[in-house]
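Q: Pasting in a structure now, in structure tokens, and then I'll have a few things to ask.
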Amino acid sequence: MADLNQLYDAILNGDHKTAVTVTRQALTEGTAPIELITNYMSPAMDEVGRRFECEEYFVPELLLSGRAMKAALALLQPLLAASGAEPAGRIVIGTVKGDLHDIGKNLVASMLEGGGFEVHDLGADVAPEKFVGAVREHKPDLVCLSALLTVTMPGMRDVVEALKMAGLRDQVRVMVGGAPVTAEFANEIGADGYAENAGVAVTVARRLTRKNHAMDEAKG
Amino acid sequence: MGGLTIGDPALLVFGVAPNPVKCGFELTVGGGQVYPEVNFTLPPLKISDETWPAVLTHYRTIASDVLRRALSLQVPGIVLEFELLPAMTERPEWGAEITSILRQQMETAWQKSGLNSALRVTPTDIREKGKPPGLRNSDLFHQLLQSFQLNAAAGAHILSIESIGGKELHDQALMYGDVRGIVFALGVLAPRDMAWLWDQITAVCQSHQSLVPGGDSACAFANTAMQLAHKHMLPEVLAAVVRAMGAARSLVAFEHGAVGPSKDCAYEGPVLKAITGCPISMEGKSAACAHFSPVGNIAAAMCDLWSNESVQNVRLLAGNAPEVFTELLVYDCRLMNEATKHGGATTLRNWMVTSDEWLSPQALILSPDATIEIAKAIAGAAGDYSRTVAAGRAALKILRAGLSNERLQLNKKERQWLDRIEREFDALPQDERTLLDEMQETYGGLFDAKSYGLSG
Numbered sequence: 606m607a608d609l610n611q612l613y614d615a616i617l618n619g620d621h622k623t624a625v626t627v628t629r630q631a632l633t634e635g636t637a638p639i640e641l642i643t644n645y646m647s648p649a650m651d652e653v654g655r656r657f658e659c660e661e662y663f664v665p666e667l668l669l670s671g672r673a674m675k676a677a678l679a680l681l682q683p684l685l686a687a688s689g690a691e692p693a694g695r696i697v698i699g700t701v702k703g704d705l706h707d708i709g710k711n712l713v714a715s716m717l718e719g720g721g722f723e724v725h726d727l728g729a730d731v732a733p734e735k736f737v738g739a740v741r742e743h744k745p746d747l748v749c750l751s752a753l754l755t756v757t758m759p760g761m762r763d764v765v766e767a768l769k770m771a772g773l774r775d776q777v778r779v780m781v782g783g784a785p786v787t788a789e790f791a792n793e794i795g796a797d798g799y800a801e802n803a804g805v806a807v808t809v810a811r812r813l814t815r816k817n818h819a820m821d822e823a824k825g
Numbered sequence: 003m004g005g006l007t008i009g010d011p012a013l014l015v016f017g018v019a020p021n022p023v024k025c026g027f028e029l030t031v032g033g034g035q036v037y038p039e040v041n042f043t044l045p046p047l048k049i050s051d052e053t054w055p056a057v058l059t060h061y062r063t064i065a066s067d068v069l070r071r072a073l074s075l076q077v078p079g080i081v082l083e084f085e086l087l088p089a090m091t092e093r094p095e096w097g098a099e100i101t102s103i104l105r106q107q108m109e110t111a112w113q114k115s116g117l118n119s120a121l122r123v124t125p126t127d128i129r130e131k132g133k134p135p136g137l138r139n140s141d142l143f144h145q146l147l148q149s150f151q152l153n154a155a156a157g158a159h160i161l162s163i164e165s166i167g168g169k170e171l172h173d174q175a176l177m178y179g180d181v182r183g184i185v186f187a188l189g190v191l192a193p194r195d196m197a198w199l200w201d202q203i204t205a206v207c208q209s210h211q212s213l214v215p216g217g218d219s220a221c222a223f224a225n226t227a228m229q230l231a232h233k234h235m236l237p238e239v240l241a242a243v244v245r246a247m248g249a250a251r252s253l254v255a256f257e258h259g260a261v262g263p264s265k266d267c268a269y270e271g272p273v274l275k276a277i278t279g280c281p282i283s284m285e286g287k288s289a290a291c292a293h294f295s296p297v298g299n300i301a302a303a304m305c306d307l308w309s310n311e312s313v314q315n316v317r318l319l320a321g322n323a324p325e326v327f328t329e330l331l332v333y334d335c336r337l338m339n340e341a342t343k344h345g346g347a348t349t350l351r352n353w354m355v356t357s358d359e360w361l362s363p364q365a366l367i368l369s370p371d372a373t374i375e376i377a378k379a380i381a382g383a384a385g386d387y388s389r390t391v392a393a394g395r396a397a398l399k400i401l402r403a404g405l406s407n408e409r410l411q412l413n414k415k416e417r418q419w420l421d422r423i424e425r426e427f428d429a430l431p432q433d434e435r436t437l438l439d440e441m442q443e444t445y446g447g448l449f450d451a452k453s454y455g456l457s458g
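Note that the protein sequences, when read in sequence, are chains A and B.
Heads up, our numbering is the position in the first sequence plus 605, with the first residue counted as 1.
Heads up, our numbering is the position in the second sequence plus 2, with the first residue counted as 1.
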């Protein structure tokens with residue numbers, strides 16, 4: 606029998622090989638995917654998040670845990686899809702047009718993936734039309750916009766306006782972040798959320814996607 | 003590069019470089035005085051054809067404000083740095099138009115009021131837009147080269163860049179704390195790109211009279227690590243080791259024509275000064291407008307230009323921010339120059355050093371003693387890969403010594419990372435070819451080996 610505590614430890618310690626081995630064995634033995642997620646994988650990631658918040662973990666530990674989680678999750682996904690289960694949320698992310706900085710955006714994308722979101726990363730220097738196209742294609746719950754330059758911050762407003770013009774704004778939430786970006790600026794351009802740093806991005810994304818789902822349910 | 007030009011830590015002092023640089027309107031950098039280097043940027047403003055007149059007005063106002071304040075304070079000399087924004091490099095004629103405006107105002111201040119000055123122009127390395135970056139033959143490279151050429155023709159006195167070769171891999175390696183990837187990016191990829199790129203920049207400088215090839219910066223590597231460490235996302239000891247390795251990388255610019263002053267955000271500057279004897283620009287406490295650093299005082303200890311990194315042109319009580327930061331820099335420099343005049347430069351330098359050095363691993367490796375240790379390690383190794391590793395190991399040794407004498411305090415997590423980095427250094431292959439094969443396996447999709455002149 607697979608020792609499922611090893612799955613918890615493997616994710617906590619960023620050991621993706623062990624995470625995959627134990628998950629594979631557990632599935633072979635007939636363990637339900639939802640049990641692996643609920644009892645071992647999610648608690649491990651919660652503990653990773655706690656350690657990061659308490660500064661016991663740095664980003665490398667966080668990302669390695671996220672990688673281990675993702676690798677194990679990849680084995681479960683076909684089974685989950687067959688059962689109709691959904692990810693925590695679907696996200697389109699990118700750095701706005703004219704801005705080449707992407708390390709902060711990459712970090713947020715990785716942390717969102719580790720948090721169980723399905724993430725579509727459009728890269729840096731992304732035009733508003735490309736965000737609109739990605740929203741049409743992927744139907745995300747949330748669009749995340751990053752900018753590091755004062756002169757590219759206005760590009761965030763362009764994306765929000767482009768989504769409105771395309772008739773997509775009420776179908777998706779918008780979260781913004783980056784060194785010069787403030788909560789006040791987020792309000793001013795009509796974004797739904799602002800993440801001060803990568804650490805809080807997952808929390809804000811969870812809050813916004815929950816709201817989005819609640820919105821859908823209310824409409825339905 | 004052989005031995006060190008400055009081998010004695012006692013001789014590494016602000017304002018003095020063995021190979022001073024004459025540039026601009028009668029300015030000599032490294033000839034005994036420290037001068038302010040003022041850097042500025044736009045407030046939130048979209049750059050487009052429609053807003054272009056407003057953009058030009060901003061830069062006209064900035065130059066006028068800064069030069070007026072400098073004259074009011076009777077500054078003996080000043081450098082203005084124009085760091086192009088990406089849009090101004092993609093349309094090279096845009097950047098050149100601003101360069102021309104700045105140069106004209108500086109020339110007028112020199113002719114009418116005798117203000118000695120120089121204009122540094124730094125195009126954005128837009129090659130980063132390519133995924134993976136097409137470093138040598140892409141349209142983006144040709145735009146970048148044209149930007150250098152047009153800015154040179156428009157009147158720049160010093161050309162610089164914060165080149166990005168290797169960054170595409172380094173970003174990922176840094177976030178995962180992968181020392182092998184970091185070493186490969188800084189010690190194998192970046193030096194190859196810099197050697198090639200700086201040959202081009204030097205050629206542009208040679209085709210214009212009195213145009214100085216300044217220097218490069220490991221900003222995209224080591225300053226990224228510094229900022230992530232500040233936010234407790236990366237260990238400080240890793241940021242310190244990356245900084246030391248960044249010195250081996252930035253040295254390549256000098257081996258391919260750069261003569262200084264090096265870039266302000268290149269905190270590795272003291273090592274470059276020790277090896278080459280060229281003047282350096284640094285930034286610290288007076289760049290708090292742009293970003294945090296744990297090295298606010300120690301960064302000034304060996305500088306020849308003292309910079310504010312970047313500030314938006316926004317209104318403050320005392321005027322617009324660039325002129326306000328000009329005033330701060332002028333007073334910083336005035337104090338340093340006064341200390342020199344009275345034989346107290348070493349005393350002031352030592353206070354700058356000791357006020358910071360034991361409070362952060364990143365400050366510790368910037369002390370004059372540490373600078374010489376790292377410089378010796380680099381100069382004593384052959385080849386970019388070996389000297390990058392040597393610089394990293396020297397930094398580790400300095401940090402270990404600080405721990406042993408109990409003057410450097412590190413928490414358990416930081417100490418664990420120190421051990422981990424050391425283990426990873428011990429496990430590095432002797433030759434870079436082995437590492438290249440491994441990195442192509444691990445990060446192959448991120449970089450194009452041919453762009454670096456490497457066979458796959």
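Every residue gets a Cβ at the ideal spot worked out from N, C-alpha and C, and that includes glycine.
Everything numeric in this text was worked out from a predicted model, so none of it was measured.
Assign A/Leu612 to one of two classes, buried (16 or more other C-beta atoms within 10 Å of its C-beta) or exposed (fewer than that).
A: Answer is buried; the Cβ neighbour count reaches 16.
Q: Should B/Thr226 be flagged as near chain A, meaning a C-beta pair shorter than 8 Å?
A: Yes, its Cβ sits closer than 8 Å to a Cβ of chain A.
Q: To which residues of the same chain is B/Ser66 closer than 7 Å at the C-beta, ignoring the five residues directly before and after it?
A: Cβ within range, chain order: Gln107.
Q: When the Cα atoms are used, what is the spatial distance from B/Arg317 to A/Gly795?
A: Distance between the alpha carbons of B/Arg317 and A/Gly795 is about 26 Å.
Q: If we count the other Cβ atoms within 10 Å of its Cβ and call it buried at 16 or more, is B/Leu322 buried or exposed?
A: Leu is not the amino acid found at residue 322 of chain B; the sequence shown has Asn there. With 16 or more Cβ atoms within 10 Å of its Cβ, B/Asn322 is classed as buried.
Q: Are the CB atoms of A/Val807 and A/Tyr799 within a distance shorter than 8 Å?
A: Their beta carbons are not under 8 Å apart, which means A/Tyr799 does not touch A/Val807 by this criterion.
Q: Kindly confirm or deny that the stretch 703 to 723 of chain A and the stretch 748 to 759 of chain A touch, where touching means at least three C-beta pairs closer than 8 Å.
A: The stretch 703 to 723 of chain A vs the stretch 748 to 759 of chain A: in contact.
Q: Whose C-alpha, out of B/Met354, B/Thr356, B/Lys378 and B/Ala303, is nearest the C-alpha of B/Ala276?
A: Measuring from the Cα of B/Ala276, the nearest candidate turns out to be B/Lys378.
Q: In this structure, how does DSSP classify A/Gln682 when only helix, strand and coil are distinguished?
A: Correct three-state label for A/Gln682: helix.
Q: Please return the same chain residues whose Cβ sits closer than 6 Å to the Cβ of B/Gly189, not counting the five positions on each side in sequence.
A: Result list for B/Gly189: Asp386, Tyr387 and Thr390, in chain order.
Q: Work out the CA separation of B/Ala197 and B/Gly17 for me, nearest whole Å.
A: Taking the straight line from one Cα to the other gives about 28 Å.
Q: Between A/Val756 and chain B, is any beta-carbon pair separated by less than 8 Å?
A: Yes, A/Val756 counts as interfacial toward chain B.
Q: First and last residue of the beta strand (DSSP E) that includes B/Asn21?
A: Start and end: Val18 to Cys25.
Q: Please list, in chain order, the residues of the stretch 712 to 730 of chain A that have any C-beta partner in chain B closer than 9 Å.
A: Residues Leu712, Ser715, Gly728, Ala729 and Asp730.
Q: For a test of the three-state rule: what should DSSP assign to B/Cys221, helix, strand or coil?
A: It is helical.
Q: When the distance is taken between beta carbons, is A/Ala607 closer than 8 Å to A/Val627?
A: Yes, Cβ-Cβ distance for A/Val627 and A/Ala607 is below 8 Å.
Q: Mind pulling the chain A residues with CB within less than 8 Å of B/Asp173?
A: Neighbours of B/Asp173 on chain A, chain order: Asp707, Ile708 and Asn711.
Q: Would you kindly work out how many angstroms separate the C-alpha atoms of B/Val355 and B/Val244, rounded to a whole number?
A: About 20 Å.
Q: So is B/Met228 buried or exposed if we call it buried at 16+ other beta carbons inside 10 Å?
A: Label assigned to B/Met228: buried.
Q: Using a Cβ-Cβ distance cut-off of 8 Å, determine whether B/Lys133 contacts chain A.
A: Yes, B/Lys133 counts as interfacial toward chain A.
Q: Using only CA atoms, which one of B/Arg70, B/Gln208 and B/Asp195 lies nearest to B/Leu253?
A: Of the listed residues, the one whose Cα sits closest to B/Leu253 is B/Asp195.
Q: Return the CA-CA distance between A/Val756 and B/Trp112, expressed in angstroms with no decimal places.
A: Answer to the nearest angstrom: the Cα atoms are 31 Å apart.
Q: With DSSP as the reference, identify every bridge partner of A/His725, one or two as the case may be.
A: In DSSP, A/His725 forms a bridge with A/Val697.
Q: Considering Cα atoms alone, identify which of A/Ile642, A/Arg672, A/Val805 and A/Glu661 is closest to A/Gly619.
A: Closest option to A/Gly619, Cα to Cα, is A/Arg672.
Q: Would you say B/Leu104 lies against chain A (beta-carbon separation less than 8 Å)?
A: Output row for B/Leu104: interface = no.
Q: Could you list which residues in chain A have their beta carbon closer than 9 Å to that of B/Gly179, in chain order?
A: Result: Phe663, Val664, Pro665, Glu666, Leu668 and Leu669.
Q: Please compile the residues from chain B whose C-beta is within a distance smaller than 8 Å of the C-beta of A/Asn802.
A: The contacting residues are Lys233.
Q: From B/Phe42, B/Gln411, B/Leu13 and B/Thr53, pick the residue whose C-alpha is nearest to that of B/Gly34; which is it?
A: Ranking B/Phe42, B/Gln411, B/Leu13 and B/Thr53 by Cα distance to B/Gly34 puts B/Leu13 first.
Q: Taking A/Gly709 as part of the alpha helix (DSSP H), name the residues at either end of that continuous run.
A: Ile708 to Gly719 is the extent of the alpha helix (DSSP H) around A/Gly709.
Q: Would you kindly work out how many angstroms separate the C-alpha atoms of B/Ala396 and A/Tyr645, rounded to a whole number?
A: So the alpha carbons of these two residues sit roughly 43 Å apart.
Q: Return the residue from the list A/Leu727, A/Arg695 and A/Gly689 that minimises the CA-CA distance to A/Ile639.
A: The shortest C-alpha separation from A/Ile639 is found at A/Gly689.
Q: Counting contacts by CB-CB distance shorter than 8 Å, is A/Tyr799 in contact with chain B?
A: Answer no: the Cβ-Cβ gap between A/Tyr799 and chain B never drops below 8 Å.
Q: Give a yes or no on contact between the stretch 409 to 420 of chain B and the stretch 127 to 143 of chain B, applying the rule of three or more CB pairs nearer than 8 Å.
A: Cβ pair count under 8 Å is below three, so no.
Q: Tell me whether B/Trp38 sits in a helix, a strand or coil according to DSSP, three-state version.
A: Checking the sequence shown, residue 38 of chain B turns out to be Pro, not Trp. In this structure, B/Pro38 counts as strand in the three-state DSSP scheme.
Q: As a quick exercise: from B/Ala231, B/Asp334, B/Leu350 and B/Cys280, pick the residue whose alpha carbon is nearest that of B/Ser295.
A: Nearest option by C-alpha distance: B/Ala231.
Q: Considering only the beta carbon of each residue, do B/Asp218 and B/Glu164 sit closer than 8 Å?
A: Taking 8 Å as the Cβ cut-off, B/Asp218 and B/Glu164 qualify as a contacting pair.
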